[in-house]
Amino acid sequence: MNIFRLCGDMSHLAAIIILLLKMWKTRSVAGISGKSQILFATVFTARYLDLFTSFISIYNTCMKVFFIGTVYFTIYLIYMKFKATYDSNHDSFRVEFLIVPVGGLAFLVNHEFAPLEIIWTFSIYLESVAILPQLFMISKTGEAETITSHYLFALGSYRALYLCNWIYRYYAEGFFDLIAVVAGVVQTILYCDFFYLYITKVMKGKKISLPA
Amino acid sequence: KKAKKGKDEL
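Each protein sequence line maps, in turn, to chains A and B.
Using the numbering used here, read the first sequence as starting at 1 and increasing by one per residue.
Using the numbering used here, read the second sequence as starting at 1001 and increasing by one per residue.
Given below as structure tokens:
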């Protein structure tokens, strides 16, 4: 564990808590993509199957259980409890266009051709693009509430901090996972446009609204 | 072996 990794994890944790607070306090899931949350649930479920096969640390186990628990709770809020506020018309990204190529790629490019390994690789690839339905929804409605912007900023920062963690680990420990690094770079690049809007607008007290 | 998998990460 290094400072980049810890900050990355805390940023990820903060993102999830910000999203839950937004939904709980406003009693609304407006502006939130249910499809992105379903993809994240798929990511966590696939990646954390190793909860049953290997123990790493109390910290590791607690974080995994928390991530899985909260993402399913988020889905429950979107599709059941606050269903009336869910904007399904604008959440129209075709997720099969992500799932199918990502699944194919996980089969073709992995560290080892074994079931758990392919599922892990699938989760890494899928995570890198799982935010696309959310970004698509914002581009469609042309705006994002400030609290949603904070959520996205924290969520995007998490993988960017992981990139710093991997650079550090490469020099400090000789650690290098090409699949995670490439997917992490792709994931971070997808947020760049949003990061720009966040810094130029949200940090100056304005909300994100795109020209029609 | 150079490649080590990030299984201790989240």
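From the three backbone atoms N, C-alpha and C, an ideal C-beta is built for every residue, glycine too.
Here the structure is a predicted model, which means the values were calculated and not measured.
According to DSSP, residue pairing for Ile208 (chain A) in a beta bridge involves A:Ala144. Per DSSP, Lys1007 (chain B) is not a residue of any alpha helix (DSSP H), being assigned neither H nor E. Using beta-carbon distances, Met203 (chain A) does not count as an interface residue toward chain B, since no partner is under 7 Å. The beta-carbon separation of Phe67 (chain A) and Ile16 (chain A), rounded to 7 Å, stays under the 8 Å limit for a contact.
Residue range 115-129 is occupied by the alpha helix (DSSP H) that includes Phe122 (chain A). Chain-ordered, the chain B residues with CB closer than 7 Å to the CB of Met63 (chain A) read Leu1010. The three-state reading of DSSP puts His111 (chain A) in coil, since its state is none of H, G, I, E or B. Against chain B, a Cβ distance below 7 Å from Ile17 (chain A) picks out nothing, because the smallest value is about 15 Å. For Gly174 (chain A), there is no enclosing alpha helix (DSSP H), since its DSSP letter is neither H nor E. One alpha carbon belongs to Asp1008 (chain B), the other to Lys206 (chain A), and they sit about 39 Å apart. Arg94 (chain A) counts as exposed, since fewer than 16 other beta carbons sit within 10 angstroms of its beta carbon. Between the stretch 142-153 of chain A and the stretch 56-65 of chain A there are fewer than three C-beta pairs closer than 8 Å, too few to call the two in contact. Between the alpha carbons of Leu116 (chain A) and Gly34 (chain A) lies a distance of about 27 Å. In this structure the stretch 23-33 of chain A does not lie against the stretch 48-55 of chain A, because fewer than three pairs of beta carbons, one per stretch, are closer than 8 Å.
Rounded to whole angstroms, the Cβ separation of His90 (chain A) and Met23 (chain A) is 17 Å, and the two are not in contact under 8 Å. Looking at the backbone, the Cα of Thr141 (chain A) and that of Ala130 (chain A) are separated by about 19 Å. When the five nearest sequence neighbours on each side are left out, the beta carbons in the same chain lying within less than 6 Å of the beta carbon of Trp166 (chain A) are those of Val181, in order along the chain.
Look at Val71 (chain A) here: in three-state DSSP terms it is helix. If you look at Leu21 (chain A), you'll find it in the alpha helix (DSSP H) that goes 3-26.
Secondary structure note for Ile38 (chain A): its alpha helix (DSSP H) is the uninterrupted segment 34-47.
Rounded to the nearest angstrom, the Cβ distance from Val71 (chain A) to Ala106 (chain A) is 20 Å, too far for a contact under 8 Å.
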